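Chemist: Sequences listed follow chains A and B, in order. The numbering of the first sequence is our numbering, which starts it at 1 and goes up by one. The numbering of the second sequence is our numbering, which starts it at 1 and goes up by one. The following block contains the structure, expressed as structure tokens.
Number of protein chains: 2
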Amino acid sequence: MSDQIFARRPTLEAVAERAGVSRATVSRVVNGGSGVREALVEKVRRAVEELGYVPNQAARTLVTRRTGAVAVIAAEPETEVFTNPFFAEQLLGISRELAAHDHQLVLLLTEEAADYERVGRYLAGGHVDGAVLFSLHNDDPLPEIVRQVGIPTVFGGRPGWPGAEADRSLLYVDSDNRGGAREAVNHLISLGRGRIATITGPMDQVASVDRLDGYHDMLMDADPRLIVEGDFSEPGGARAMTALLDRAPELDAVFVASDLMALGALRVLRERGYRVPEDVAVVGFDDMAKVAEHTDPPLTTVRQDIEEMGRLMVRLLLRSLDRQAKDAPVGRPLSSVIIPTRLVRRATA
Amino acid sequence: MSDQIFARRPTLEAVAERAGVSRATVSRVVNGGSGVREALVEKVRRAVEELGYVPNQAARTLVTRRTGAVAVIAAEPETEVFTNPFFAEQLLGISRELAAHDHQLVLLLTEEAADYERVGRYLAGGHVDGAVLFSLHNDDPLPEIVRQVGIPTVFGGRPGWPGAEADRSLLYVDSDNRGGAREAVNHLISLGRGRIATITGPMDQVASVDRLDGYHDMLMDADPRLIVEGDFSEPGGARAMTALLDRAPELDAVFVASDLMALGALRVLRERGYRVPEDVAVVGFDDMAKVAEHTDPPLTTVRQDIEEMGRLMVRLLLRSLDRQAKDAPVGRPLSSVIIPTRLVRRATA
DNA sequence: CCGAATTTAGAGAGCGCTCTCAATGATCCT
DNA sequence: AGGATCATTGAGAGCGCTCTCTAAATTCGG
């Protein structure tokens, strides 16, 4: 039990002395060791080992201006980030990819106004090299904050505030919501369905709008009564389905913009005595783990690879950091990425 | 669009010059401003404002040896940290409490052997002031790592490795698993049940053992056939219930060590035609949000305040950091905290 | 109104590390 | 062999901030 809690950790200096070389040489060895004779490298390595030397990150950051950390920022309040499996899976992807590149993950949640200020200060303080940002609603102040701070940022989901489209410097990763919706609706059409309704997500989120756009792409002049706005929750889906059935009892298919809402819709359909898919075909969106497969009947849905989204966000961010670091502006400018979706056929359509 | 991405941020020096004072004075103002004339304070404040000055954390850390960040470490592999609502809620509490104290949350997940080494290096590098650790299994190497690094740590859940009990310096936050279990079983007894079985959690986790101990406290010589080990999952609970029913069909009550397992148990009981609670009374553990209330029938269970656990872990850690910082060893030594549980009566018992 | 006590401000020494630049010795070419 | 080239190494200057220590300014008692 050698509890060294208060003992100061050894410094570069100490290692240098022990190895009988200069600080510079130790630094070189610690950071890759090129240009140092093998004999010395060995000596330094041994000294490092014996002293249990670990570089002090603060000192290093002070001169390199690199922290090796990335902030993950999300607005918690309305969406209960953690309980949201969508976010959880993205976070997992982010965490894994960061670990793979030896970077750290600093989690920044905002709930109240004061938090925004805190986050701004934090980012400006140079704690992190870049940020990955989930700005779930279009009126969120976070994007403006990161812009002001001037910190490299990658957005999760296509930014939706006014002017965002035009700004090519904005980096984001999104799934192909519109294409996925198109594929879903197309599938319903190919099944011979003629009255295809849709339950959308909240219209202040870009993903919802995109999915609705995809619906419209295939059904140019859809009856407005066939379109109801939901809120991405199970009960919301149930409410929307109820509304739909009241307004247009003759519908024979529904494209539901999320699996969770589809769950609610399925429940209402069952309660009202509709058979799925015979009377009403249903297609969801997400292919959420532990949900879509276990609905009754198993849900046909549009799969998006959430973890991969997280990973790609990190990769994009790190690449953009490399760009601005070295004087190596090689290649063409980085651009956002859209991840393809894929229809997973199960039993509801 | 004043994109200042590459512009260096202003330094203390710059503020000092602008305000016409020394660096020291600016530093004093920025850090509380006591001992500086009001006139100067005002001048410095203005300069800070005009320049948009934000202290560089790396430089500050280098001298103060304080980072204002805390690591949250968890072993991801087996338990899928993020999907685990238990952990999610704890993380939420941790995040909120840290934010309240203006500290940052660095998330460290370990999946493979290489990650442990990375985490060790990270902690030793002085990136964080302390750590909050979830070591879910007794053979996890993380506790040993934090010990070696000598970083102040608070454990989530009572540490269970050999010798842990004796070590009073170990700080942890746990709920009163044993007491909660006792209360659950006691309730079943008071209902007049005579054959009370239990489905435990995995026996390599302390919480499971504690809950089983609570069961034994009330049922000193329980029939071993009435005890089956589960794995905290829904299907695991179902399997365990099946086994129980096969071994001891005459049972009239079950204390299930988690809500998720209770869910599975309820399902099996229903399938086998047992009425709950008439034939078999059931009590769960956790009072998990969105689960316990919505089972059929609603689950009677032992409530533990998970978010509060997270908050307390942080509070304990920060207090312990304060202790070792100042030369102010006021008061008696810090000690671990056990959070009380509470029986929530619903319909299953 | 003067010296002592008390505030308030500035100078300057680091914190531990990286990185440029110059010095050293080894190697090469004609 | 002699100068040029190249590979290694060390010296030392910061990075931006805090903090101690001293100097200057202010207050106060007698």
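Ideal placement from N, C-alpha and C gives every residue a C-beta, glycine not left out. In this text the structure is predicted, and so the values were computed from the model without any measurement.
Run through chain A and tell me which residues come within less than 7 Å of B/P55, C-beta to C-beta.
Modeler: G125
Chemist: Within its chain, find whatever has a CB closer than 7 Å to the CB of A/V119; leave out the 5 residues flanking it on each side and keep chain order.
Modeler: I73, L108, T110 and I145
Chemist: Going along the chain, which residues of the stretch 231 to 264 of chain A sit with their C-beta nearer than 9 Å to a C-beta in chain B?
Modeler: none
Chemist: For a contact defined as C-beta to C-beta under 9 Å, what are the partners of A/V153 on chain B?
Modeler: The sequence given here places Thr at residue 153 of chain A; Val does not occur at that position. Those within 9 Å of A/T153 in chain B number zero; the least Cβ separation is about 11 Å.
Chemist: Compare the C-beta of A/I5 with all C-beta atoms of chain B and state if any pair is closer than 7 Å.
Modeler: Low per-residue confidence applies at A/I5: pLDDT is 40, beneath 50, and the placement is therefore not dependable enough to give any value.
Chemist: DSSP three-state call for A/L105: helix, strand or coil?
Modeler: strand
Chemist: Tell me whether the beta-carbon of B/R225 lies closer than 7 Å to the beta-carbon of B/A243.
Modeler: no
Chemist: Whole angstroms are fine: how far does the CA of B/D305 sit from the CA of B/A184?
Modeler: 16 Å
Chemist: Roughly how many whole angstroms lie between the Cα atoms of A/D322 and A/H127?
Modeler: Distance between the alpha carbons of A/D322 and A/H127: 17 Å.
Chemist: Would you give the residue range spanned by the beta strand (DSSP E) that A/R303 belongs to?
Modeler: Run containing A/R303: T300 to R303, per the beta strand (DSSP E) assignment.
Chemist: Could you tell me if A/K43 is buried or exposed, where buried requires 16 or more neighbouring beta carbons within 10 angstroms of its beta carbon?
Modeler: buried
Chemist: Check for me: the alpha helix (DSSP H) holding A/G142 runs from which residue to which?
Modeler: It should be noted that the sequence gives Leu, not Gly, for residue 142 of chain A. L142 to V149 is the extent of the alpha helix (DSSP H) around A/L142.
Chemist: Have a look at A/A374 and A/D129 and give me their C-alpha separation to the nearest angstrom.
Modeler: Any question about residue 374 of chain A goes unanswered here, given that chain A covers just 1 to 349.
Chemist: Helix, strand or coil for B/M1? Go by DSSP, reduced to three states.
Modeler: Here B/M1 scores only 35 on pLDDT, less than 50, and its place in the model should not be relied on; the value that follows carries that caveat. Correct three-state label for B/M1: coil.
Chemist: Who pairs with B/K255 in a beta bridge, going by DSSP?
Modeler: The sequence given here has Phe at residue 255 of chain B, not Lys. In DSSP, B/F255 forms a bridge with B/T198 and B/V283.
Chemist: What residues of chain B sit near A/V15, judged by a beta carbon separation below 9 Å?
Modeler: Residues of chain B passing the Cβ test: none, with the nearest at roughly 14 Å.
Chemist: In angstroms, rounded to a whole number, what distance separates the CA positions of A/R275 and A/T341?
Modeler: 27 Å
Chemist: Distance check for B/G160 and B/R315, CA to CA, integer angstroms please.
Modeler: 22 Å
Chemist: Hey, quick one: how far does the alpha helix (DSSP H) through A/A184 stretch, first residue to last?
Modeler: Residues N177 to S190.
Chemist: Have a look at A/L362 and A/E50 and give me their C-alpha separation to the nearest angstrom.
Modeler: Any property of residue 362 of chain A remains undetermined from this structure, which presents chain A solely from 1 to 349.
Chemist: Closer than 8 Å by C-beta to B/L251: which residues in its own chain qualify, once you throw out the five before and the five after it? Chain order, please.
Modeler: R195, I196, A197, L226, L244, L245 and V280
Chemist: Is there at least one non-hydrogen atom of the ligand MN closer than 6 Å to the beta-carbon of A/A59?
Modeler: As far as ligands go, the structure on display features none, and thus does not contain the ligand MN.
Chemist: Would you mind telling me which residues of chain A sit closer than 7 Å to B/S95, beta carbon to beta carbon, in chain order?
Modeler: L107 and L109
Chemist: Give me the subset of the stretch 120 to 147 of chain B whose CB atoms are less than 7 Å from a CB atom of chain A, sorted by chain position.
Modeler: R121, Y122, A124, G125, G126 and H127
Chemist: To the nearest angstrom, how far is it from the Cα of B/S175 to the Cα of B/L317?
Modeler: 17 Å
Chemist: Chain B beta carbons: is any one of them nearer than 7 Å to that of A/A58?
Modeler: At a cut-off of 7 Å between beta carbons, A/A58 contacts chain B.
Chemist: Looking at chain B, is there any beta carbon in it that lies within less than 7 Å of the beta carbon of A/Q205?
Modeler: Not one chain B Cβ lies under 7 Å of A/Q205.
Chemist: Hey, quick one: how far does the beta strand (DSSP E) through B/E89 stretch, first residue to last?
Modeler: Per DSSP, B/E89 belongs to no beta strand (DSSP E); it is in the alpha helix (DSSP H), P85 to A100.
Chemist: For B/N138, name the three-state secondary structure that DSSP assigns.
Modeler: coil
Chemist: List, in order along the chain, the chain B residues whose C-beta lies closer than 7 Å to that of A/L62?
Modeler: A58, A59 and L62
Chemist: What does DSSP give as the partner residues of A/Y215 in its beta bridges?
Modeler: According to DSSP, which records beta bridges pairwise, A/Y215 is partnered with nothing at all.
Chemist: For B/D286, return the contacting residues in chain A, with the cut-off set at a CB-CB distance below 8 Å.
Modeler: In chain order: nothing, as chain A lies at least about 15 Å away.
Chemist: Where do the ends of the alpha helix (DSSP H) carrying A/G230 lie?
Modeler: From DSSP, A/G230 is part of no alpha helix (DSSP H); its letter is neither H nor E.
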